[in-house]
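Read through the structure below, which is laid out as structure tokens, and then see the notes.
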Amino acid sequence: MTLTLESAAETWPQAGRYELLRRMAVGGMGTLEDRATDWRAVLSERLAVADEGEGSVIVIRGAPGAGRTTSLSHAGVAGSQAGFQVSTPMPQDLETWVPGDGADEPGVILVDDVDLAFRNMGPSLQRLAQLLRGSRTILIATCDEASRAQLPGSVHQATLPSLSLAALACVAATELGGGDLPEVAQHLVASRCDGNPLVACLLTRILLDRGHLVLVEGRWVLRGTLTAASLPSGLQDSVALLLGRLPSAVACFLLAAARVGQTFKREDAERVAGMRAAGCVARAVSSSFIEATSNGGYTFRQPCVRRALLLIPPRSLASKGTVH
């Protein structure tokens, strides 16, 4: 029996896409391994201990695109289901935070990208770990794998490991809207993404965009002669390549939007870009860089993609005209 993404979503309704893919086939039901056992075991243990009055700090490590934000969101759901009050305070408030009224109530504090949020991550986490030691509150944060050396010994760490070839193939296939990624393409993508699910999706999108993946009689086939060197390596190069294949006005709009923030209004991005962008928004959405929010704004689908855009030197943000 193969566990599909749809049936997995019914089984675990609170989990995100990458998290669902990690859980699929647990117990031999399909083709994937559960890649999240490390941090899930740490989370369960620390929630139980915190409920007895011993709070702590947990840091989930992983490369950009490995699923840290999704894992953090799931941790919040798990905490809420266990009876903890979940909060997401501003990071700058935590740097001077001390337990106040209600400190005896079980709580979970969530902080994404703590290595970017705190000016001095190591000392800040050390201070919070000491403050929480006698409380019923745990702080759960995420950080880039590259920042692990800055983590103090007083925090509990969990790692999101690289995905296997089978898992990467399943993740990448979600970009196809149905069907399986050809085996040759699986190995090509795996050789360039370092086990990272988001990069696997971006590389598959690049193959589609270049016309190398074609649907023939209900099956995806790989067209053309390709080698690993034909594809970019890693998140930054993949984002830059996809951006470069967009119309210049759309790319300009996305670069400007990234500088506004993770969530933004169209008019704010237009102001930064120095252009009207009425025709750019739909193209930017269809490119899967951004999506609409319920309040009439837009948000980048993955925070790490926005950060990759911030590292790309901005093109001229003026004199781009209006796209209709």
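One rule links them: number in my numbering = place in the sequence shown (from 1) + 224.
By construction, the Cβ of each residue, glycine as well, lies at the ideal position given by its N, Cα and C atoms.
Just so it is clear, the structure is predicted and the values come from calculations on it, not from any experiment.
By a C-beta neighbour count over all protein chains shown, 10 Å radius and 16 as the cutoff for buried, is residue i buried or exposed?
| i | result |
| --- | --- |
| Pro313 | exposed |
| Pro347 | exposed |
| Lys544 | Caution is warranted here: a pLDDT of 43 is assigned to Lys544, below 50, making its placement in the model unreliable, and no coordinate value can be reported. |
| Ser311 | exposed |
| Gln410 | buried |
| Leu426 | buried |
| Leu375 | buried |
| Leu296 | buried |
| Val529 | buried |
| Ala370 | exposed |
| Asp317 | exposed |
| Leu535 | exposed |
| Leu431 | buried |
| Val395 | buried |
| Val505 | buried |
Do you know how far the Cα of residue j is from the Cα of residue i?
| i | j | result |
| --- | --- | --- |
| Pro421 | Val273 | 32 Å |
| Thr228 | Gln354 | Note that Thr228 scores 49 on pLDDT, short of 50, meaning its location in the model is unreliable and no value can be drawn from it. |
| Pro537 | Arg531 | 12 Å |
| Arg343 | Cys417 | 30 Å |
| Arg270 | Ser280 | 7 Å |
| Ser189 | Gly448 | This structure cannot settle anything about residue 189, because the visible part of the chain is limited to 225 through 548. |
| Glu399 | Val463 | 15 Å |
| Ile550 | Val322 | Here the chain has residues from 225 to 548 only, and residue 550 is not among them. |
| Pro288 | Leu459 | 8 Å |
| Ala393 | Asp404 | 8 Å |
| Trp387 | Ala397 | Per the sequence presented here, residue 387 reads as Leu, with Trp not at that position. Rounded to whole angstroms, Leu387 to Ala397 spans 14 Å at the Cα level. |
| Arg372 | Met345 | 10 Å |
| Pro406 | Trp444 | 6 Å |
| Phe308 | Thr366 | 19 Å |
| Val496 | Val332 | 37 Å |
| Ser457 | Asp275 | 44 Å |
| Gln350 | Gly377 | 8 Å |
| Val438 | Leu446 | 7 Å |
| Ala391 | Gly401 | 17 Å |
| Leu334 | Glu441 | 47 Å |
| Ser518 | Leu356 | 36 Å |
| Leu470 | Gly419 | 26 Å |
| Thr523 | Ala516 | 6 Å |
At a threshold of 8 Å, does residue i count as lining the ligand COA (C-beta to nearest heavy atom)?
| i | result |
| --- | --- |
| Cys504 | What this structure holds is no ligand at all, so the ligand COA is not there to describe. |
Going by beta carbon distance, what residues of the same chain come within less than 6 Å of residue i, once the five residues before and after it are set aside?
| i | result |
| --- | --- |
| Pro299 | What sits at residue 299 in the sequence shown is Ala, not Pro. Closer than 6 Å at Cβ, skipping near neighbours: Leu267 and Ile364. |
| Leu384 | Gly286, Ala290 and Gly291 |
| Ala306 | Leu271 |
| Asp492 | Val484 |
| Gly303 | Val310 and Val332 |
| Asp339 | Met345, Cys367, Asp368 and Ser371 |
Leaving out five residues before and five after residue i in sequence, what residues of the same chain have Cβ atoms less than 8 Å from its Cβ?
| i | result |
| --- | --- |
| Pro527 | Thr293, Asp336, Asp337 and Gln486 |
| Gly358 | Gly277, Glu278 and Gly279 |
Using only CA atoms, which one of the options lies nearest to residue i?
| i | options | result |
| --- | --- | --- |
| Ala508 | Leu534, Arg483, Ala475 and Ser378 | Ala475 |
| Arg264 | Ile284, Glu278 and Gly279 | Ile284 |
| Ile514 | Asp492, Leu478 and Gly520 | Leu478 |
| Val408 | Gly402, Leu389, Tyr522 and Gly419 | Leu389 |
| Leu465 | Asp433, Arg490 and Val332 | Asp433 |
| Ile362 | Asp368, Ala370, Glu369 and His380 | His380 |
| Thr320 | Thr366, Gly331, Leu352 and Pro330 | Leu352 |
| Ala382 | Val395, Asp368 and Leu533 | Asp368 |
| Ala481 | Leu439, Ala302, Arg525 and Glu441 | Arg525 |
| Thr428 | Glu441, Asn519, Thr523 and Ser511 | Ser511 |
| Asp461 | Leu439, Val440, Ala424 and Val438 | Ala424 |
| Leu467 | Asp339, Glu441, Leu533 and Thr517 | Leu533 |
Excluding five sequence neighbours on each side, which residues of the same chain lie with their C-beta closer than 7 Å to the C-beta of residue i?
| i | result |
| --- | --- |
| Ala452 | Leu412, Ser415 and Arg416 |
| Leu450 | Leu412 and His436 |
| Lys489 | Gly521 |
| Glu329 | Gln309 and Arg360 |
| Ala341 | Pro315 and Val335 |
Restricting to runs no shorter than 4 residues, where is the alpha helix (DSSP H) found entirely within the segment 467-542? Counting only runs of 4 or more, we get 472-484, 490-497, 504-510 and 527-534.
Any alpha helix (DSSP H) of 4 or more consecutive residues that is wholly inside the segment 266-310: With a minimum length of 4 residues, the continuous alpha helix (DSSP H) runs that stay inside the segment 266-310 are 292-305.
Where are the alpha helix (DSSP H) runs, 4 residues long or more, that stay fully inside the segment 330-368, in chain order? Qualifying alpha helix (DSSP H) stretches, in chain order: 338-341 and 345-356.
Report the residue ranges of all alpha helix (DSSP H) runs contained in full by the segment 374-400; include only those spanning at least 4 residues, in chain order. Given a length threshold of 4 residues, each whole run of the alpha helix (DSSP H) inside the segment 374-400 is given here in chain order: 389-397.
Every unbroken alpha helix (DSSP H) within the segment 409-445, with a cutoff of 4 residues, ordered by chain: Runs found: 421-433.
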